[in-house]
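Under numbering that gives the first Met the number 0, think of the first position of the sequence shown as 0, with each following residue one higher.
Glycine included, each C-beta is placed from N, C-alpha and C at the ideal position.
Right, one structure below, let's go through it.
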Amino acid sequence: MSSLLNLPILFLGDSDITHWSALPSNSLTHATSGFTSIDVLNSLSLLSSPCSSKDNGNDSKEVEEVTHCVMVCGENDLSSSIEISYIHSVVSTIKDTIASLPSTLPMLRHLLFLGPKLEPWQSNDLSSILSYLNLHNQLSYSLPKLEIDNLQITYIDNFSKFTTSSKLTYDLGMFLRSLKEGEELEFEIERKWFKEDCLHLSEEGYGVWEGIVREWYIDTMK
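See below:
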């Protein structure tokens, strides 16, 4: 049984949400496979519309009363344009999305952002690794520092959750210097956390997220 059963949380994001089969049937969700951060931003305007809310299986009154939100986005932005220089626009869009939440979700008090995770197919793709690490570093630095009245933001480092080494939790500059000095990538992406498609989390992988979300929710209620 899912540890998230009956928790009144809005889940907002991409296919990492749509593939999350253990979400309770009465949860509030607004997610589409392939969503980028700008798609998430645009979807917020739909949440305030009664018709659009009902079309997505959510009652508009329930949406207005949401106090907790889990957000997942950013990875599809990178797959669309892997250049490091693109990261800044991704981070800015996500920050704009979060900054707009209090106006679209007036009762929202707590936001959990699940950061980007490396996937098995990326094990030897240095360009992807650097882009994901760059995005993670910028999000982990900027999101907790956003000053938004009555909204507490928690960022989760997924690099350390799904790899066998803490190397990728280091500062990006340190990581680049170690590569320049000829060090090998001393980490492995655990396949047990992922489905056979090497893209989406397995039941065991989602179990990790469920524990994180439940602990976060309980902590906010203390």
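- The Cβ-Cβ distance between LEU100 and LEU110 falls below 9 Å.
- Per DSSP, reduced to three states, the secondary structure at GLY33 is coil, with no helix or strand assignment.
- A direct Cα-Cα distance of roughly 10 Å separates LEU150 from HIS67.
- Annotation: GLY12 is outside any alpha helix (DSSP H); the continuous beta strand (DSSP E) that includes it extends over 9-12.
- Selection THR17, ASP13, LEU22 and GLY12 evaluated against ARG213 yields LEU22 as nearest (Cα-Cα).
- Around the beta carbon of LYS116, 16 or more other beta carbons lie within 10 angstroms, which makes this residue buried.
- Within the model, the alpha-carbon separation for SER127 versus MET106 is close to 37 Å.
- The beta carbon of GLN121 is closer than 8 Å to those of SER127, ILE128, TYR131 and ILE188 in its chain, skipping five residues each way along the sequence.
- Assignment of beta-bridge partners to PHE112 by DSSP yields MET70 and TYR154.
- By the 16-neighbour rule on beta-carbons within 10 angstroms, GLU118 is buried.
- Bounds of the alpha helix (DSSP H) holding LYS94 are 86-103.
- With fewer than 16 other Cβ atoms inside 10 Å of its own Cβ, ASN123 counts as exposed.
- The beta-carbon distance between CYS72 and THR35, rounded to whole angstroms, is 7 Å. This is short enough to meet the 8 Å contact definition.
- Cβ-Cβ separation between LEU113 and ILE155: approximately 5 Å, consistent with a contact (criterion under 8 Å).
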